[in-house]
Amino acid sequence: MAEVKIRMRPNGPFLVEGPFELFDSQGNAFTLNPEKPSIALCRCGHSENKPFCDGAHKNCDFVSDEHPPTV
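The sequence shown begins at 1 in full-length UniProt numbering and counts up one residue at a time.
What follows is the structure, encoded as structure tokens:
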């Protein structure tokens, strides 16, 4: 089974690496380019190309850099 990783970019998008499928709330699949090593998904809510990142986070003062809790 291929491995999928989701990485959080500081103050930016989720980067999804590996083969995956993405569906909207009605079950319709988004077309993804299988040649791309990763897909950036918007976290700031300001992208004009949602659910994909278009770099809008750079101009909307989006701040988010969560880390897992330490034990």
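Beta carbons: idealized from backbone N, C-alpha and C, even for Gly.
Unbroken beta strand (DSSP E) runs of no fewer than 3 residues, entirely contained in the UniProt domain "Iron-binding zinc finger CDGSH type" (27-63), are found at 38-41, following chain order.
A straight line joining the alpha-carbon of Ser64 with that of Leu15 spans about 14 Å. Its Cα nearest to that of His57, the residue Arg43 stands out among Arg43, Lys50, Thr70 and Gln26. Take Ala40, set aside five residues on each side of it, and the residues of its chain with a beta-carbon closer than 6 Å to its own are Pro13, Leu15 and Cys53, in chain order. Counting only the Cα atoms, Phe30 lies some 7 Å from Asp24.
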